[in-house]
Ligand code: SF4
Ligand code: SF4
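Protein chains in written order, with my numbering: chain A, 713 to 1021; chain B, 602 to 824.
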C-alpha cells in the first residue's frame, strides 16, 4: 500500500476515513476580519476545517488567501482556502500557491468562480486561464513533483487540493464526466453544491463513487424562513422543497417569541438533515458534511450530534 | 465568413472628425462584409454622404470597394482616385477595423498625413443565419479544437472559454452569464458528442490554452 501523505488535519482525517464536518466562512468587502474571526471561533470546536470563500458571485471581497491566513492565525482553526481561476492567470496562481504554503495554508479548494459579469465589477477582465480541473493538476504537480511546468521549485508547497461537484446539475451525465476529469487531475476531496433531494443525491453519489474521491456533501441548514426563501429564490439550480418552506414559514407566522423561533428552526434543521445524512452514510456514499450556511454557527453542535450519533 | 460590424453612434464619428478639424471627407465603403451587415455597401455610402453634408462637411467622393481589407484592392482603387485622395483631409471608412488599417497601410508612403476613421464597431467573425442574425462561433485561436469537441467551439460558446466545462454556473443546460438565456457551450458539446457516440472525447482532461502561441501579433506568412 502506498503511504498516504497528510499535510493538514483535513488531509489526515480523510486518509483515516473519519467522517468529518467542515464549515464555511465568507469574508466581506473589508479589511477588518473581526466578524469572520468571531464566527470562526464559534465554529471551531465542531468542525475540522472551514472554507474561506473567494469573492462569491463575483462580488469583490478581501482576498481569500489573506483572509485564510489571518483567520487561521487568529483562531487556530484550519481553513480550506477557496481559489477561483476567475481573477488570476496560471503564472499568478502558481505564485499564490507557494505564497499560501508559506503563510501556513494547507488546503485549497479549486473553483471556477462566478463570472465577473455577474458581480459588482462587471467591467473587470475575466481571466479563466486555468479551469477548476487544470488548477487541481497544477497544485498536484507543484506538491507531488515539486515542479511548475517541469521547472524545479526550491522548497515545494504541500497542500491538499479539492474541487466542487454539483449533484443538482442537469444533464447529470456531463457533470459526472467532468468530475472524472477532476479526479484524473488529482483531486483529493470533493465538496458538493447544496442538496435537498435525497434520491437525486443518491443517484449522483453512486455514479461518482467509481472515481474514489472522498465526498463532503454540501448542506445548507436554514436559519430562518427569510433565509430559506431567499436561498430558494436566488440560488440558481437549487430549490428548497415546498414542505420545508411551508414548515419554516409556519415558524415565522405562528411563533412570536424569538428565542423559541430560533430553537424551532434549529430543531427542524436537525430533523430534516439527520435522516438525510444517515441514509447516505448507510449507503457508504459520504466522507463527511460541508455546511455552507454562513452566519449560523449555533447550528454546528446539532450537526456534530448528527455525525457522531 | 464575415467580419460582423455594427454602426457606431453618429455623434461619436462626427466628434472624431471634428477633433481632427476635418472639412473634406473621402468615403470608402466596403462592398462585402459591411454591405451584408448594412454598415457599408452602396447604401451605407449614400447614407453617410448625406449625413456628412448635412453637418457641413464637404464630401469629395464616395467609393464602394470589394475587400477594403485587401491591400491589393485598395491600392488599385485608391490609385484611380488619387486626385480625390490628395484633396481629402480625412478618409471615413464604412468597413471593419481591418479596412481602416488596410487603407493606412496602402497610403502610408504616398499620403501619410491623411487620417483614416471608421464609422463602425467591429464585433466578431460571424456565422450568418440570415441578414440581421449573426453569431460568433470562432475566435480564431490558432489551434482549432473542433475535431475533439464534436465541432462546437468551447472558446466561443463557453462564456469563460473553459477547456474543461461545464462549470457550476450551468443550470438546465443554460449559462449563468446573460441570465440563463443562452445555452451552455459545454452542454452543447456534451449533447453533440453524445449524438456522435463519442463521450470518451468529452471525458478527456484538456490542458489550458497555450498563450505563448496565441497572445502575440500574429501573422501567417508563407511566401
Ligand atoms: S477552437 Fe474555436 S476559436 Fe479556435 S479555431 Fe477552432 S473554432 Fe475557432
Ligand atoms: S455555464 Fe457553461 S457556457 Fe457558461 S461559463 Fe459555465 S461552462 Fe461556460
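Virtual Cβ for every residue (Gly too), placed ideally from N, Cα, C.
Keep in mind that this is a model prediction, so the values were computed, not measured.
Open item on the list: If the cut-off is 9 Å on Cβ atoms, which residues from the stretch 786 to 808 of chain B count as contacting chain C, listed in chain order?
Closed with: Reference to chain C is not applicable here, since the protein chains of this structure are A and B.
Open item on the list: Quick check on DSSP: helix, strand or coil for residue 874 (chain A)?
Closed with: strand
TODO: Indicate whether at least one CB of chain B lies closer than 8 Å to the CB of residue 953 (chain A).
DONE: no
Open item on the list: In the DSSP assignment, the alpha helix (DSSP H) including residue 920 (chain A) goes from what residue to what residue?
Closed with: 910 to 920
- [ ] Between the Cα of residue 738 (chain B) and those of B:762, B:722, B:716, B:721, spot the shortest distance and give me the residue it belongs to.
- [x] B:762
Task: Spatially closest choice to residue 811 (chain A) from A:795, A:732, A:826, by CA coordinates - done: A:795
Task: Residues near residue 788 (chain B) in its chain [Cβ-Cβ closer than 7 Å; skip 5 each side] - done: 767, 771, 774
- [ ] Go through the residues and name those whose CB comes closer than 6 Å to any heavy atom of ligand 1, in chain order.
- [x] B:739, B:740, B:741, B:742, B:745, B:746, B:747, B:754, B:756, B:757
TODO: Only counting runs of 4 or more residues, tell me where the alpha helix (DSSP H) segments fall wholly within the stretch 899 to 985 of chain A, in order along the chain.
DONE: 910 to 920, 937 to 946, 954 to 966
Open item on the list: Contact between the stretch 989 to 999 of chain A and the stretch 922 to 940 of chain A is defined here as three or more beta-carbon pairs at a separation below 8 Å; is this criterion met?
Closed with: yes
Task: Beta-carbon contacts of residue 973 (chain A) that lie in its chain and below 6 Å, excluding the five residues immediately before and after - done: 963, 967
TODO: Consider the C-beta atom of residue 838 (chain B) and the heavy atoms of ligand 2; say whether any pair is separated by less than 7 Å.
DONE: In the structure as shown, chain B starts at 602 and stops at 824, and residue 838 (chain B) therefore has no counterpart that could be examined.
TODO: Check whether the Cβ of residue 763 (chain B) sits closer than 7 Å to any heavy atom of ligand 2, and report yes or no.
DONE: yes
Open item on the list: Residues of chain B with CB closer than 7 Å to the CB of residue 893 (chain A), please, in chain order.
Closed with: 765, 804, 806
Open item on the list: Could you check whether residue 903 (chain A) and residue 881 (chain A) sit closer than 8 Å to each other, using their CB atoms as the reference points?
Closed with: no
TODO: Determine, using beta carbons only, whether residue 708 (chain B) and residue 679 (chain B) come nearer to each other than 8 Å.
DONE: yes
Task: Contained beta strand (DSSP E) runs [length at least 3] in the stretch 789 to 872 of chain A, N- to C-terminal order - done: 791 to 796, 819 to 823
Open item on the list: Against residue 843 (chain A), what residues of chain B qualify as contacts under a CB-to-CB distance less than 8 Å, listed in chain order?
Closed with: 761, 763, 764, 765, 766, 768, 809
Task: Own chain residues within Cβ distance below 7 Å of residue 816 (chain B), not counting five before or after - done: none
Task: residue 781 (chain A) Cβ short of 7 Å to ligand 2 heavy atom set - done: no
Task: Distance CB(residue 1022 (chain A))-CB(residue 737 (chain A)) smaller than 8 Å - done: Residue 1022 (chain A) falls outside the range modelled here, since chain A spans only 713 to 1021, and no answer is possible.
Open item on the list: Just checking: is the beta-carbon of residue 875 (chain A) within a distance shorter than 8 Å of some beta-carbon in chain B?
Closed with: no
- [ ] Under 8 Å Cβ to Cβ from residue 852 (chain A), same chain only, skipping five residues before and after it: list those, please.
- [x] 873, 897, 898
TODO: Compare the beta carbon distance of residue 749 (chain B) and residue 802 (chain B) with 8 Å and say whether it is the shorter of the two.
DONE: yes
Open item on the list: At the level of alpha carbons, what is the spacing between residue 769 (chain B) and residue 774 (chain A)?
Closed with: 22 Å
- [ ] Check whether the Cβ of residue 767 (chain B) lies closer than 7 Å to any heavy atom of ligand 2, and answer yes or no.
- [x] yes
Open item on the list: What I want to know is whether the C-beta of residue 1003 (chain A) ends up closer than 7 Å to one or more non-hydrogen atoms of ligand 2.
Closed with: no
Task: Contact with chain A by residue 728 (chain B), beta-carbon distance below 8 Å - done: no
Task: Beta-carbon gap between residue 819 (chain A) and residue 745 (chain A) smaller than 8 Å - done: no
Open item on the list: Within the continuous alpha helix (DSSP H) that includes residue 779 (chain A), where are the two ends?
Closed with: 776 to 787
Task: Nearest-angstrom Cα separation, counted from residue 779 (chain B) out to residue 619 (chain B) - done: 37 Å
Task: Cβ contact check for the stretch 778 to 794 of chain A and the stretch 603 to 614 of chain B: 3 or more pairs under 8 Å - done: no
Task: chain A within 8 Å of residue 771 (chain B), Cβ atoms only - done: yes
Task: residue 778 (chain B) beta carbon near ligand 2 (any heavy atom closer than 7 Å) - done: yes
Open item on the list: Buried or exposed for residue 798 (chain A), going by 16 or more other Cβ atoms inside 10 Å?
Closed with: buried
Open item on the list: Along the stretch 826 to 856 of chain A, where does the CB come closer than 8 Å to a CB of chain B? Name the residues.
Closed with: 826, 827, 829, 830, 838, 840, 841, 842, 843, 844, 845, 846, 849
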